[in-house]
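Asks: What follows is a single structure, and I will ask about it in a moment.
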Amino acid sequence: MSNLTPREIVSELDRYIIGQTAAKRAVAIALRNRWRRQQVHTDLRDEITPKNIILIGPTGVGKTEIARRLARLAQAPFVKVEASKFTEVGYVGRDVESMVRDLVEASLALVREEEEAKVRIRAAERAEDRLVVLLQGGGTRAPGVGFSPPPAARMTDAEREKLRAQLRAGTLDDRVVELDVQDVPAGVLRGFSGPGLDEMGANLAEMFKSIPGMQRTRRRTVGVGEALRLLEREESERLVDQDRVTREALQRAETSGIIFIDEIDKIASREGAHMGGPDVSREGVQRDILPIVEGSTVTTKYGQVKTDHVLFIAAGAFHVSKPSDLIPELQGRFPIRVELEPLGRADLVRILREPKNSLLRQYTALLETEGLRLHFTDDAIEELAAVAQSVNERTQNIGARRLHTVLERLLDEVSFSASDPGAPRDEQVDAAYVRRRLAAVVEDEDLSRYIL
Ligand SMILES: Nc1ncnc2c1ncn2[C@@H]1O[C@H](COP(=O)(O)OP(=O)(O)OP(=O)(O)O)[C@@H](O)[C@H]1O
Ligand SMILES: [Mg+2]
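Residues 802 to 1253 in my numbering are what the sequence shown lists, from first letter to last.
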């Protein structure tokens, strides 16, 4: 997966994002270049600096979406941070390292999920074995965690298989069993949050776990389905080598992590004096971010992470400031600049119609759960795009996000009454329907501002 060619990457991105070819090409090249750089002989490799990107474009045209899809495509750990948050009161320079810590967390989640998928079948088998033993006594006084199965010896194979068959057939679903489950005491950790403290809170959670008495084992009575779920969790935790997960996660963050720095334009203006107040200066934030982008070693609770090969994608509207307002060192680290196009009516039509996850598909699927078949005619789609475009022009251009508010409004009535008994099973949405539902709001500019 990590060696997709630029062309392959672009064509995958095309399935979700309409247009924005230049941006897709740029991220595809950047991703491939990281891979290329890793293939180069060590002597030269260290001389090649990573080619990070700035995506420039108005709101709602796909900047975040492109980065997110790219990460998913590459199965790369991904985090998104708002650069402006580092200018908030209470942040100090070192807090920018939190983006790397978050990347490691994302990486851990990703790797853990992969590893768990690999043992899923075995964990399910083992959970079932244990549950069969628990069910043997009809569900009374059952041993739980850490239990090794002497009682099973008392069960013949035939008995076991019979129980197993019943379990699978669902005839035991109304039974309950007793299980010992391990509990992190809730409440103990409440109150530990806030910048910088998150990290501490997480460490404390680990610490409490190792204090005898802090980790409670609770005996719970649960239904068969719940028991199976709990046991599967436990077995899968046992089967997965947690140390390996951590090692792999650190490595994955280093070699294929993607950090998306949003609103970079908000820290670009070099005088930020007019902001006043106790804000950390914007240039200060740039200087704090710089070492991370240049490549440094960040300590996390799982170990050290080098950021040399992390891919940084920055994004911003740059209405007021320009990339040239960034400090020169940072400009140098983001040599690739791409502009995203504002979306026009034709793009909006395609955004409604084409992506695998398009809003129309989403709403149709939602209402299908109520037994309602929603059908959009072509002229309805054209009309919707026209409405969105017109509101974007007359109020504020929020790009494809406008489609969300427009569709929500359009389907307000159907969404409300679809669950009623006797509600229609089929709903045809055509241009007339769109006009009927939206005309009043669209024509009234003040109303549009609030509703669409
Ligand atoms: N070109 C596009 N093709 C398909 N969907 C798009 C496109 N542009 C935006 N969208 C949809 O619009 C929504 C917002 O897009 P996105 O989050 O990428 O905006 P953005 O460019 O990052 O804006 P902002 O600057 O406000 O963060 C998403 O739901 C996304 O799916
Ligand atoms: Mg965004």
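Note that CB positions come from ideal geometry on N, CA and C, so glycine has one too.
Could you check the C-alpha separation between Pro1143 and Thr865 for me, to the nearest Å?
Replies: Reading the sequence shown from its first residue, position 342 is the one you call residue 1143. Reading the sequence shown from its first residue, position 64 is the one you call residue 865. Cα to Cα, the separation comes out at about 14 Å.
Asks: Looking at C-beta atoms only, is the number of pairs between the stretch 925 to 939 and the stretch 1030 to 1038 that lie closer than 8 Å three or more?
Replies: Taking 8 Å as the limit for Cβ pairs, the verdict is that the stretch 1030 to 1038 does touch the stretch 925 to 939.
Asks: Which runs of the alpha helix (DSSP H) spanning at least 4 residues fall entirely within the stretch 1079 to 1155, listed in chain order?
Replies: Entirely contained in the stretch 1079 to 1155, the alpha helix (DSSP H) runs reaching 4 residues are, in chain order, 1083 to 1095, 1129 to 1134, 1146 to 1154.
Asks: Can you list, in chain order, the stretches of the alpha helix (DSSP H) that have 4 or more residues and sit fully within the stretch 803 to 861?
Replies: Whole alpha helix (DSSP H) segments, 4+ residues: 807 to 814, 822 to 840, 843 to 846.
Asks: Would you say the beta carbon of Lys864 comes nearer than 8 Å to a heavy atom of ligand 2?
Replies: Reading the sequence shown from its first residue, position 63 is the one you call residue 864. Result yes, Cβ under 8 Å from ligand 2.
Asks: How big is the Cα-Cα spacing for Thr1165 and Ile867?
Replies: Within the sequence shown, the letter at position 364 stands for residue 1165. Within the sequence shown, the letter at position 66 stands for residue 867. Approximately 24 Å, taken between the alpha carbons.
Asks: State whether the stretch 1128 to 1141 contacts the stretch 853 to 865, with contact taken as three or more CB pairs (one from each stretch) at a distance under 8 Å.
Replies: With a cut-off of 8 Å, the stretch 853 to 865 and the stretch 1128 to 1141 count as touching, because enough Cβ pairs lie within range.
Asks: On the three-state DSSP scale, how would you describe Lys1067?
Replies: By one-based count along the sequence shown, residue 1067 stands at place 266. Here Lys1067 sits in helix by DSSP.
Asks: Under the rule that 16 or more other beta-carbon atoms within 10 Å means buried, what is Lys825, buried or exposed?
Replies: Along the sequence shown, one-based indexing puts residue 825 at 24. Classification for Lys825: buried.
Asks: Please determine if the stretch 884 to 904 and the stretch 1151 to 1166 are in contact, where contact requires at least 3 C-beta pairs separated by less than 8 Å.
Replies: Output reads no: the stretch 1151 to 1166 does not touch the stretch 884 to 904.
Asks: Going by C-alpha to C-alpha distance, which of Asn1193, Gln1190, Ala1116, Leu1239 sits closest to Glu1214?
Replies: For the purposes of this step, residue 1214 is taken as residue 413 along the sequence shown, with counting starting at 1. It is Leu1239 whose Cα lies nearest to the Cα of Glu1214.
Asks: Can you grab the Cα-Cα spacing for the pair Ala829 / Leu814, in whole Å?
Replies: On the sequence shown, position 28 is the one that residue 829 refers to. On the sequence shown, position 13 is the one that residue 814 refers to. One C-alpha to the other measures close to 9 Å.
Asks: So, do the stretch 841 to 851 and the stretch 1168 to 1185 have three or more beta carbon pairs nearer to each other than 8 Å?
Replies: No, they do not touch.
Asks: Using CA coordinates, which residue listed in Ile819, Gln821, Ile818, Arg833 is at the minimum distance from Arg808?
Replies: Indexing the sequence shown from 1 puts residue 808 at position 7. Checking every option, the nearest Cα to that of Arg808 belongs to Arg833.
Asks: How about Ile1068: is its Cβ closer than 8 Å to a heavy atom in ligand 1?
Replies: In the sequence shown, residue 1068 corresponds to position 267, counting from 1. Not under cutoff, so the answer is no.
Asks: Does Val880 come out as helix, strand or coil in the three-state DSSP assignment?
Replies: Locating residue 880 in the sequence shown gives position 79, counting from the first residue. DSSP places Val880 in strand when its eight states are reduced to three.
Asks: Ends of the alpha helix (DSSP H) at Asp903?
Replies: Taking the first residue of the sequence shown as position 1, residue 903 is located at position 102. Start and end: 899 to 937.
Asks: Leaving out five residues before and five after Ala877 in sequence, what residues of the same chain have Cβ atoms less than 7 Å from its Cβ?
Replies: Here residue 877 corresponds to residue number 76 of the sequence shown, with the count starting at 1. Cβ neighbours of Ala877 beyond the five flanking positions: Ser1057, Gly1058, Ile1059.
Asks: Does the beta-carbon of His1120, which I'm using as the reference point, lie nearer than 8 Å to any heavy atom of ligand 1?
Replies: For the purposes of this step, residue 1120 is identified with residue 319 of the sequence shown, where counting begins at 1. Not so, every heavy atom of ligand 1 lies at least 8 Å from the Cβ.
Asks: Would you identify the three-state DSSP class for Gln1197, choosing helix, strand or coil?
Replies: Numbered from its first residue, the sequence shown carries residue 1197 at position 396. If DSSP states are grouped into helix, strand and coil, Gln1197 belongs with coil.
Asks: Output yes or no for whether 9 Å exceeds the beta carbon distance between Lys1102 and Arg902.
Replies: By one-based count along the sequence shown, residue 1102 stands at place 301. By one-based count along the sequence shown, residue 902 stands at place 101. Yes, these two residues count as a Cβ contact at 9 Å.
Asks: Rounded to a whole number of angstroms, what is the C-alpha to C-alpha distance between Arg1151 and Ala1115?
Replies: Along the sequence shown, read from residue 1 onward, the residue named residue 1151 stands at position 350. Along the sequence shown, read from residue 1 onward, the residue named residue 1115 stands at position 314. Near 26 Å, if we compare the C-alpha coordinates of Ala1115 and Arg1151.
Asks: Considering only residues of the same chain and omitting the five flanking positions on each side of Glu916, which have a CB-CB separation below 6 Å?
Replies: Taking the sequence shown and counting its residues from 1, the one referred to as residue 916 is at position 115. So the qualifying residues of the chain are Val1041, Val1046.
Asks: Using the three-state DSSP reduction, which class does Thr888 fall into: helix, strand or coil?
Replies: For the purposes of this step, residue 888 is identified with residue 87 of the sequence shown, where counting begins at 1. Looking at Thr888 - three-state DSSP - the assignment turns out to be helix.
Asks: So, helix, strand or coil for Thr957, using DSSP?
Replies: Position 156 of the sequence shown, counted from the first residue, corresponds to residue 957. Coil.
Asks: Can the beta-carbon of Ala1118 be found less than 9 Å from the beta-carbon of Asp1180?
Replies: The residue you call residue 1118 lines up with position 317 of the sequence shown. The residue you call residue 1180 lines up with position 379 of the sequence shown. Not a contact, by the Cβ cut-off of 9 Å.
Asks: Drop a sphere of 10 angstroms on the beta-carbon of Pro1225, count the other beta-carbons inside from all chains shown, and report buried for 16 or more, exposed for fewer.
Replies: Position 424 of the sequence shown, counted from the first residue, corresponds to residue 1225. Classification of Pro1225: exposed, given that the 10 Å Cβ count is below 16.
Asks: Less than 9 Å between the beta carbons of Asp974 and Val1025, yes or no?
Replies: The residue labelled residue 974 in the question sits at position 173 within the sequence shown. The residue labelled residue 1025 in the question sits at position 224 within the sequence shown. Cβ atoms of Asp974 and Val1025: closer than 9 Å.
Asks: Could you check whether Ala1201 and Asp1148 sit closer than 9 Å to each other, using their CB atoms as the reference points?
Replies: Along the sequence shown, one-based indexing puts residue 1148 at 347. Along the sequence shown, one-based indexing puts residue 1201 at 400. The answer is yes: Cβ separation under 9 Å.
Asks: Could you check what DSSP says for Asp1247 in three-state terms: helix, strand or coil?
Replies: Position 446 of the sequence shown, counting from 1, holds the residue named residue 1247. Here Asp1247 sits in helix by DSSP.
Asks: So the candidates are Glu979, Thr850, Glu1064; which of them puts its Cα closest to the Cα of Lys881?
Replies: Position 80 of the sequence shown holds residue 881. Answer by Cα proximity: Glu1064.
Asks: For Glu1184, I'd like the list of residues in its chain whose CB is within less than 7 Å of its CB, leaving aside the five on either flank, ordered along the chain.
Replies: Taking the first residue of the sequence shown as position 1, residue 1184 is located at position 383. Excluding residues within five positions, the ones whose Cβ falls inside 7 Å are Ala1232, Val1235, Arg1236.
Asks: What do you reckon, is the C-beta of Pro1156 under 8 Å from a heavy atom of ligand 1?
Replies: Here residue 1156 is taken as the residue at index 355 of the sequence shown, counted from 1. Yes - ligand 1 has a heavy atom lying nearer than 8 Å to the Cβ of Pro1156.
Asks: Between Val1230, Glu1095, Asp1221, which lies nearest to Leu1161 when the distance is taken from Cα to Cα?
Replies: In the sequence shown, residue 1161 corresponds to position 360, counting from 1. Nearest C-alpha to Leu1161: Val1230.
Asks: Of the choices Arg1203, Leu1167, Val1023, whose alpha-carbon is the least far from that of Tyr1251?
Replies: Your numbering for residue 1251 matches position 450 in the sequence shown. Checked all of Arg1203, Leu1167, Val1023; the closest Cα to Tyr1251 is Arg1203.
Asks: For Val1121, count neighbouring C-beta atoms within 10 Å of its own C-beta (all shown protein chains included) and say buried if the count is 16 or more, exposed if not.
Replies: Working through the sequence shown from its first residue, we reach residue 1121 at position 320. Counting Cβ neighbours within 10 Å, Val1121 comes out exposed, since fewer than 16 surround it.
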